[in-house]
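Trainee: My structure is below; once you've seen it, I'll send some questions.
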Amino acid sequence: MDEKTNLRATKLAQRDALSKQTRARKSANVCAKVTALTVEALQRPFAATREGREPRVAVYAAMRSEVDLQLFVEDVFSRGWIPCFPCMVRDEPGAESRMALYLVPPDRYDSAREDFLNSPLRCLIRRELAEKGYEEADPSELDAVVVPLVAFDDAGNRLGYGGGNYDRLLPCLRDDALIVGVAFDEQRADAVPCEPHDRPLPHIVSA
Numbered sequence: 059m060d061e062k063t064n065l066r067a068t069k070l071a072q073r074d075a076l077s078k079q080t081r082a083r084k085s086a087n088v089c090a091k092v093t094a095l096t097v098e099a100l101q102r103p104f105a106a107t108r109e110g111r112e113p114r115v116a117v118y119a120a121m122r123s124e125v126d127l128q129l130f131v132e133d134v135f136s137r138g139w140i141p142c143f144p145c146m147v148r149d150e151p152g153a154e155s156r157m158a159l160y161l162v163p164p165d166r167y168d169s170a171r172e173d174f175l176n177s178p179l180r181c182l183i184r185r186e187l188a189e190k191g192y193e194e195a196d197p198s199e200l201d202a203v204v205v206p207l208v209a210f211d212d213a214g215n216r217l218g219y220g221g222g223n224y225d226r227l228l229p230c231l232r233d234d235a236l237i238v239g240v241a242f243d244e245q246r247a248d249a250v251p252c253e254p255h256d257r258p259l260p261h262i263v264s265a
């Protein structure tokens with residue numbers, strides 16, 4: 059087992075060991091911190107303001123024992139921002155899959171839960187999502203992105219699930235987009251093994 063695989067297994071086990079009540083309390087603390095960071099960032103002139111549209115904030119639907127962003131999502135809705143959720147998609151059956159982000163306005167939230175939010179790893183056909191009225195988000199139009207983490211260190215280095223989805227997304231963002239990694243304190247590592255192309259996150263919030 060290599061260093062990344064071993065660290066991933068260790069931190070996922072530590073995260074899974076947290077009680078439901080502890081995860082809920084810590085998730086609420088993380089959401090409050092992410093809201094404060096996002097509000098501060100979006101007060102600056104940024105693309106949404108220039109283009110006269112609502113800010114677009116990439117979030118995720120928690121699976122298993124991840125930090126639950128539900129309180130942050132509710133805050134996003136209350137402020138008139140548009141959350142964008144990840145979904146695994148492919149162009150046609152049997153084609154290679156990739157992560158895409160979809161705008162989910164308030165009036166589509168319940169249907170989106172049924173269509174893809176409740177099963178984040180289920181792969182769907184892009185055309186079918188478009189036929190249901192879901193708009194795919196352009197990464198360059200994202201104003202803030204919340205990234206789920208498996209492990210992190212004090213230098214801002216991150217470890218994900220190993221699929222490379224956020225490794226492909228992050229370089230496509232604008233320079234002024236806010237990027238925030240989220241995790242529980244138990245997921246902190248002394249040092250996350252890095253590759254030469256890896257870039258530390260500018261912000262990591264934990265509780």
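For reference, each letter of the sequence shown is one residue, going 59 to 265 in the numbering used here. The C-beta atom is built at its ideal place from N, Cα and C for all residues, glycine as well. Owing to the predicted nature of the structure, the values given are computational and were not obtained by experimental measurement.
Give the C-beta separation of Cys145 and Ala153 to the nearest angstrom, bearing in mind that I take them to be a contact with Cβ-Cβ under 8 angstroms.
Mentor: Between Ala153 and Cys145 the Cβ distance is about 15 angstroms, and since that is not below 8 angstroms, they are no contact.
Trainee: Quick one: what does DSSP say Tyr160 is sitting in, helix, strand or coil?
Mentor: strand
Trainee: Measuring CA to CA, which of Pro258, Cys89, Glu186 is closest to Ala209?
Mentor: Pro258
Trainee: Output the residue ranges of the beta strand (DSSP E) runs that lie fully inside the stretch 212-255 and measure 3 residues or longer, sorted by chain position.
Mentor: The stretch 212-255 contains these whole beta strand (DSSP E) runs: 236-241.
Trainee: Enumerate in chain order the residues of its own chain whose CB-to-CB distance from Gln245 is below 8 angstroms, with the five nearest sequence positions on each side excluded.
Mentor: Lys69, Gln72, Arg73, Leu207, Val208, Ala209, Phe210, Ser264
Trainee: So Ser177 is in the alpha helix (DSSP H); what residue range does that whole segment cover?
Mentor: Per DSSP, Ser177 belongs to no alpha helix (DSSP H) and is neither H nor E.
Trainee: Quick one: what's Phe210 bridged to in DSSP?
Mentor: Arg216, Arg246
Trainee: Are the CB atoms of Ser270 and Arg180 nearer to each other than 8 angstroms?
Mentor: In the structure as shown, the chain begins at 59 and stops at 265. Residue 270 is therefore absent and cannot be evaluated.
Trainee: Does DSSP put Ala116 in a helix, a strand or coil?
Mentor: In this structure, Ala116 counts as strand in the three-state DSSP scheme.
Trainee: Out of Gly222, Phe130, Ala116, Leu227, point me to the one whose CA is closest to Tyr160's CA.
Mentor: Ala116
Trainee: If you compare alpha carbons, which of Gly214, Arg114, Leu182, Thr96 is closest to Pro251?
Mentor: Gly214
Trainee: Across the stretch 212-229 and the stretch 170-188, are there enough close Cβ pairs to call them in contact, namely three or more that are closer than 8 angstroms?
Mentor: The stretch 212-229, when compared against the stretch 170-188, does not touch it at the 8 angstroms Cβ threshold.
Trainee: Excluding the 5 residues preceding and the 5 following Pro164 in the sequence, name in chain order all residues of the same chain whose CB lies nearer than 6 angstroms to its CB.
Mentor: Phe135
Trainee: Provide the residue span of the beta strand (DSSP E) that contains Ser264, from first to last.
Mentor: 261-264
Trainee: Pick helix, strand or coil for Glu194, following the three-state DSSP scheme.
Mentor: strand
Trainee: DSSP on Arg184, reduced to helix/strand/coil?
Mentor: helix
Trainee: Tell me, please, which residues DSSP counts as bridged to Phe143.
Mentor: Tyr160
Trainee: Decide if Asp149 is buried, meaning its Cβ has at least 16 other Cβ atoms within 10 Å, or exposed.
Mentor: exposed
Trainee: Pull up the DSSP beta-bridge partners for Arg148, would you.
Mentor: The partner list for Arg148 (beta bridge, DSSP) reads Ile183.
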